[in-house]
Amino acid sequence: MRIYAIGDLHLSFENKVIPGDWEKVSQYKPMSLFGDKWVEHYRKIYKNWKAEVTCKDLVLVPGDISWAMKLEEAVYDLEFIGSMPGKKIFIRGNHDYWWSGISKVRSILPDGCFALQNDCLEFEGVSITGTRGWICPNEDNFTEHDEKVYKREVNRLKLSLESIKNTDKKKIVMMHYMPVNENHEHNDFIKVMIDYNVDICIYGHLHGEDSHKIRLPEEKWGIRFYLVSSDFLNFKPLRII
């Protein structure tokens, strides 16, 4: 079993997608609005995913899965992801407005797709945990509201890690936001990861060359960090294990 990661798929299908019949694809928010790199990005994702991933592998998808506003509007996007190889694990991103309660989300997921919230998933030799995250202290315009959300997300990460039954397994944290501020200052997210002996943390959210430059180094505080926003990866799932 290999483990891959790719986040920020930003899908918005208006109809069922039949791979190979791309001309019939209709989107309500095409990502080409954000630059040429995003033109038909879903085709690049599909091609690269199929070329890299097998049915025995895991693919971690750390948020911003769909532009849908309601759960039922995300079905075509989730079906598209579900049609590709491997088991897929999701966490919520800041744009996943359709994610309206974990039980409802899990009820519509295709076979082989799983959603994390305050818990973990354990596979052969590895435990997958995570939470959405939030902007971190000492960011510009960090407000009292941000402080409350930040503390809630720290607690959710702790709950997720506490739910691990076999602590001898390699531990992976999925987050949507980068777990530190732009200056990479140590904070409560990092403290929790260190306390629970986390091996790998993946995250997305950062788009464009300027934002990609502020990513964490691949190793810090004894943890390996990977930015896996789809545009940063050129829409190709990154193998992390």
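Numbering (the UniProt record's numbering), first residue to last: 1 to 241.
In this text, a Cβ means the ideal position worked out from N, Cα and C, and glycines have one as well.
Since this is a predicted model, take the numbers as computed values, not measurements.
Check	Outcome
Close beta carbons around E122, own chain, < 8 Å, minus the five adjacent residues each side	I128, I164, K165, N166 and K169
I202, enclosing beta strand (DSSP E) - first and last residue	I200 to Y203
For A115, the three-state DSSP class (helix, strand or coil)	strand
L78 (DSSP reduced to helix, strand or coil)	helix
Classification of E23 by the beta-carbon crowding that lies within 10 angstroms, buried from 16 upward	exposed
Neighbour-count burial assignment, D64, 16 or more Cβ in a 10 Å radius	buried
Other residues of its chain near R92: CB distance less than 6 Å, five sequence neighbours each side excluded	G63, W99 and R132
Distance, R239 Cα to N183 Cα	27 Å
DSSP state of S26 mapped onto helix, strand, coil	coil
Identity of the residue in K191, G82 and S107 nearest K158 by Cα	K191
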